[in-house]
Amino acid sequence: MTTDEPTDDVVVHPWWPRGWRAVALAALAVLFLVLGVVQARADSLTPDEGADLTAGLTALVHRDARMVPEHPVLPKVLVAAPALLGRPVVPASPAWRRGESFDHAEEIVVATRAAGRFDRVLLLGRLVPLALAVACALVIHALGARLFGPDAGAAGAALWLGLPVVLGFGHLATIDIPFSLATLLVALGSLRLLERPGERRAAELGALVGVALATRHTGLVLAVVAVGLTVWALRRDRRQAAVAVALLALCSLAVLWGVYRAVAPSAPAGAARAQLEGVEAAASEESAAARLVAASPTPLEWRAGFAYLVLTSDDKPSYLFGQAWTGGRWWYFPGSLLVKVPAPALVLLVAGPLALRHHAVGLRRRVLTAVVLPAGLLLAFTMAQPLTLGVRLVLPVVALLLVAASAAAAAPQRWVRASVAGVVALQVVAMVASAPHSIAWTTPPFRPAYRWASDSNVDYGQDRDRLADWARGRDAWVSLGRARGIPRPAGTRPLLEADPAALTGWVAVGVSDLTRTHRDELAWLRRWCPVDTIGGSILIYRFDAPPGPTPGPDRPVADCFGAARSHR
Numbered sequence: 001m002t003t004d005e006p007t008d009d010v011v012v013h014p015w016w017p018r019g020w021r022a023v024a025l026a027a028l029a030v031l032f033l034v035l036g037v038v039q040a041r042a043d044s045l046t047p048d049e050g051a052d053l054t055a056g057l058t059a060l061v062h063r064d065a066r067m068v069p070e071h072p073v074l075p076k077v078l079v080a081a082p083a084l085l086g087r088p089v090v091p092a093s094p095a096w097r098r099g100e101s102f103d104h105a106e107e108i109v110v111a112t113r114a115a116g117r118f119d120r121v122l123l124l125g126r127l128v129p130l131a132l133a134v135a136c137a138l139v140i141h142a143l144g145a146r147l148f149g150p151d152a153g154a155a156g157a158a159l160w161l162g163l164p165v166v167l168g169f170g171h172l173a174t175i176d177i178p179f180s181l182a183t184l185l186v187a188l189g190s191l192r193l194l195e196r197p198g199e200r201r202a203a204e205l206g207a208l209v210g211v212a213l214a215t216r217h218t219g220l221v222l223a224v225v226a227v228g229l230t231v232w233a234l235r236r237d238r239r240q241a242a243v244a245v246a247l248l249a250l251c252s253l254a255v256l257w258g259v260y261r262a263v264a265p266s267a268p269a270g271a272a273r274a275q276l277e278g279v280e281a282a283a284s285e286e287s288a289a290a291r292l293v294a295a296s297p298t299p300l301e302w303r304a305g306f307a308y309l310v311l312t313s314d315d316k317p318s319y320l321f322g323q324a325w326t327g328g329r330w331w332y333f334p335g336s337l338l339v340k341v342p343a344p345a346l347v348l349l350v351a352g353p354l355a356l357r358h359h360a361v362g363l364r365r366r367v368l369t370a371v372v373l374p375a376g377l378l379l380a381f382t383m384a385q386p387l388t389l390g391v392r393l394v395l396p397v398v399a400l401l402l403v404a405a406s407a408a409a410a411a412p413q414r415w416v417r418a419s420v421a422g423v424v425a426l427q428v429v430a431m432v433a434s435a436p437h438s439i440a441w442t443t444p445p446f447r448p449a450y451r452w453a454s455d456s457n458v459d460y461g462q463d464r465d466r467l468a469d470w471a472r473g474r475d476a477w478v479s480l481g482r483a484r485g486i487p488r489p490a491g492t493r494p495l496l497e498a499d500p501a502a503l504t505g506w507v508a509v510g511v512s513d514l515t516r517t518h519r520d521e522l523a524w525l526r527r528w529c530p531v532d533t534i535g536g537s538i539l540i541y542r543f544d545a546p547p548g549p550t551p552g553p554d555r556p557v558a559d560c561f562g563a564a565r566s567h568r
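Throughout the sequence shown, residue numbering follows the working numbering, covering 1 to 568 in sequence.
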């Protein structure tokens with residue numbers, strides 16, 4: 001058994017008294033929450049929220065987890081629990097009985113909107129990820145302080161709360177923030193195991209891995225890391241290592257099963273069960289990973305969710321840096337970080353871990369194995385899969401790297417610590433400046449955002465309600481991705497059905513529709529300059545004469561904001 005202690009080689013250079021650190025972090029957390037609530041009230045329902053929130057509502061109302069088609073159930077029921085206070089309408093409709101999750105989601109949205117309660121339901125659900133984003137900061141603080149001292153913990157937490165992208169997705173009822181928290185908790189459990197190896201801490205780590213598995217299927221990567229770390233920590237006693245790994249696996253499965261059966265006391269039966277088993281069988285024919293998961297002793301609903309992801313994770317249109325393509329590219333997620341993370345913070349993410357050289361070998365080993373290793377594997381896994389949905393998919397990686405980067409706040413050189421303080425200040429300014437459109441925010445020089453990025457890096461359908469307000473009386477042509485159950489704004493016409501050789505008047509198009517989802521159909525629009533924008537995610541054009549069908553470049557031309565009409 002190894003005997004590394006948690007504090008025997010920590011170098012601490014505190015700048016602030018403990019009370020002042022607590023006050024500063026509390027003030028930053030309050031600022032984050034206030035800005036988040038403002039945006040949670042103003043931003044429209046996004047497509048993933050429509051599926052996730054309604055699935056959670058169905059699970060809690062009908063005690064049935066079969067309506068969760070792709071992701072594990074835990075984050076969905078967490079956001080749905082307070083949303084129930086808004087009295088949503090969750091019908092036991094034929095779509096629910098048949099297990100048609102997307103149709104049932106649309107029924108919930110339509111019925112709850114008709115009852116005049118949807119805005120309240122959505123806001124209550126969005127309060128959960130905001131609280132979890134602050135919880136992420138607390139765990140980052142705990143990890144940084146445990147490894148490098150109190151200043152490092154405070155710096156890591158402040159850097160997290162100061163990220164505009166965290167504010168942007170922290171107020172949405174999706175799985176990105178919950179899985180970031182689960183990942184950080186697994187890192188904390190891993191660190192505790194490495195500090196004092198033994199069966200008890202292996203069991204604790206297993207329970208945390210179970211939480212990660214119940215949050216996102218990517219938790220399988222963390223499960224593999226946890227097993228490897230347990231074997232490494234107890235490598236001098238093979239019997240103890242085997243017992244510890246068995247405990248870790250049993251506790252992981254116990255938590256995963258416990259979450260599902262707490263939500264749904266019995267497994268699906270009849271037609272719903274046959275549907276899930278059919279999805280599982282179809283995925284097993286295509287993927288070795290799906291076959292392995294299908295053979296695992298996990299809940300059927302969880303296995304079918306993994307299978308659904310396998311079947312739907314195919315090559316899709318992508319866009320970044322003004323380039324359009326189909327499928328995944330290895331540089332997409334590093335490039336997205338370059339676009340969405342403030343440059344000083346990005347430099348600190350890359351260079352901050354260099355400060356580890358000031359610490360003893362035992363501490364460096366713990367950081368590399370408990371923090372850097374899972375971050376690297378999660379990033380590699382995300383880069384290898386084909387879904388280019390935006391930087392939100394690597395938020396857990398960012399959270400872990402902030403822990404490693406916080407080592408710079410404990411460096412012996414005063415100029416290094418002063419630089420970290422400056423980066424924190426600049427990042428908080430960027431976070432405040434990103435409101436009230438934090439989702440669409442990009443860092444200089446990648447502006448205007450629509451020319452550099454799309455999908456959830458800019459456009460997540462968050463400005464649909466603002467578009468509806470703008471469109472009144474304009475008889476505009478519109479193309480905008482939207483959640484199920486949310487109609488096209490009243491008084492507008494579908495742009496995809498328009499003939500550019502005869503079109504005149506106002507045009508409003510979502511950045512993702514223009515550069516990604518319908519990039520071929522709307523290629524003609526990219527050679528004209530937008531005269532305005534709504535929230536940075538919707539572009540406005542004005543034509544006095546038909547623009548014609550001639551296609552433009554992959555990258556939309558520069559804007560002419562304030563002009564009376566669009567021109568080439």
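The C-beta atom is built at its ideal place from N, Cα and C for all residues, glycine as well.
query, result
"Got a sec? Which residues, its chain only, sit under 8 Å from E277 by beta carbon, not counting five neighbours each side?", "L300 and A304"
"Between the stretch 169 to 185 and the stretch 126 to 145, do at least 3 Cβ pairs fall closer than 8 Å?", "yes"
"I need the boundaries of the beta strand (DSSP E) containing T542, first residue and last residue.", "Correcting the residue identity first, residue 542 is Arg in this sequence and not Thr. Residues I538 to F543."
"Can you tell me whether E70 is buried or exposed? The criterion is at least 16 other CB atoms within 10 Å of its CB, across all chains shown.", "buried"
"Let me check one thing: in DSSP terms, what residues is R493 bridge-paired to?", "W477"
"Quick check on the DSSP output: what are the complete alpha helix (DSSP H) runs of length 4 or more inside the stretch 399 to 480, in order along the chain?", "414 to 434 and 464 to 471"
"Kindly confirm or deny that the stretch 279 to 291 and the stretch 323 to 340 touch, where touching means at least three C-beta pairs closer than 8 Å.", "no"
"Taking only runs of the alpha helix (DSSP H) that begin and end inside the stretch 192 to 240, which ones reach a length of at least 4 residues, in chain order?", "199 to 213 and 219 to 233"
"Checking the sheet assignment: what are the DSSP bridge partners for V509?", "S479 and L539"
"Would DSSP call T58 helix, strand or coil?", "helix"
"Grouping DSSP H, G and I as helix and E and B as strand, with all else coil, what is G189?", "helix"
"Taking three-plus beta-carbon pairs below 8 Å as touching, is the stretch 375 to 389 in contact with the stretch 112 to 128?", "no"
"Could you compute how far the alpha carbon of V38 sits from the alpha carbon of W528?", "34 Å"
"Tell me the rounded alpha-carbon separation between L147 and L363.", "7 Å"
"Tell me whether Q275 sits in a helix, a strand or coil according to DSSP, three-state version.", "helix"
"When the distance is taken between beta carbons, is V339 closer than 8 Å to T442?", "yes"
"So I534 is in the beta strand (DSSP E); what residue range does that whole segment cover?", "D532 to I534"
"For T3 and R196, I'd like the C-alpha separation in whole angstroms.", "Model confidence at T3 stands at a pLDDT of 35, short of 50, so the residue's coordinates are unreliable and nothing is read from them."
"Using only the alpha-carbon positions, how far apart do R474 and S512 sit?", "22 Å"
"Which residues in the same chain as R565 place their Cβ atom closer than 8 Å to its Cβ, once the five residues preceding and following it in sequence are excluded?", "V531, R542, F543 and D544"
"Pick out the complete alpha helix (DSSP H) segments inside the stretch 67 to 155, 4 residues or longer, and give them in chain order.", "74 to 83, 94 to 98, 101 to 114 and 118 to 148"
"Compute the Euclidean distance between the alpha carbons of L188 and L402, then round it to the nearest angstrom.", "14 Å"
"Between V310 and A290, which are expected to be in contact by the criterion C-beta below 8 Å, what is the C-beta distance as a whole number of angstroms?", "5 Å"
"Figure out for me which residue from R98, G562, P75 and P549 has the closest Cα to the Cα of A596.", "Nothing can be reported for residue 596: it is not among the residues displayed for the chain, which extend from 1 to 568."
"Could you check what DSSP says for P317 in three-state terms: helix, strand or coil?", "strand"
"Would you mind reading off the limits of the beta strand (DSSP E) that contains Q385?", "Careful: Q385 lies outside any beta strand (DSSP E) and carries neither H nor E."
"Give every residue of the same chain whose Cβ lies closer than 7 Å to the Cβ of T7, excluding the five residues on either side of it in the sequence, and list them in chain order.", "Note that T7 scores a pLDDT of 41, beneath 50, so its modelled location is shaky; the value from the coordinates is reported in the next line. Once the five neighbours on either side are set aside, T7 has no close Cβ partner at all."
"Can you give the Cα-Cα distance for W524 and V165, rounded to whole angstroms?", "31 Å"
"Quick check on DSSP: helix, strand or coil for T326?", "strand"
"Return the chain-ordered list of same chain residues with a C-beta closer than 6 Å to the C-beta of E204, the five sequence neighbours on each side being excluded.", "G189"
"Of all the options F169, S479, S406 and G510, which has the alpha carbon lying nearest to the alpha carbon of A498?", "S479"
"Mapping the DSSP letters down to three states, classify W302 as helix, strand or coil.", "helix"
"So what's D9 in DSSP terms, helix, strand or just coil?", "Annotation note: pLDDT 47 at D9 (below 50); position unreliable, coordinate value reported separately. Residue state, collapsed to three classes: coil."
"Around the C-beta of R447, are 16 or more other C-beta atoms found within 10 angstroms, so that it is buried, or is it exposed?", "exposed"
"Tell me the rounded alpha-carbon separation between A351 and P396.", "19 Å"
"Label L85 either buried or exposed according to how many other C-beta atoms from any shown protein chain fall within 10 Å of its C-beta, with 16 as the threshold for buried.", "exposed"
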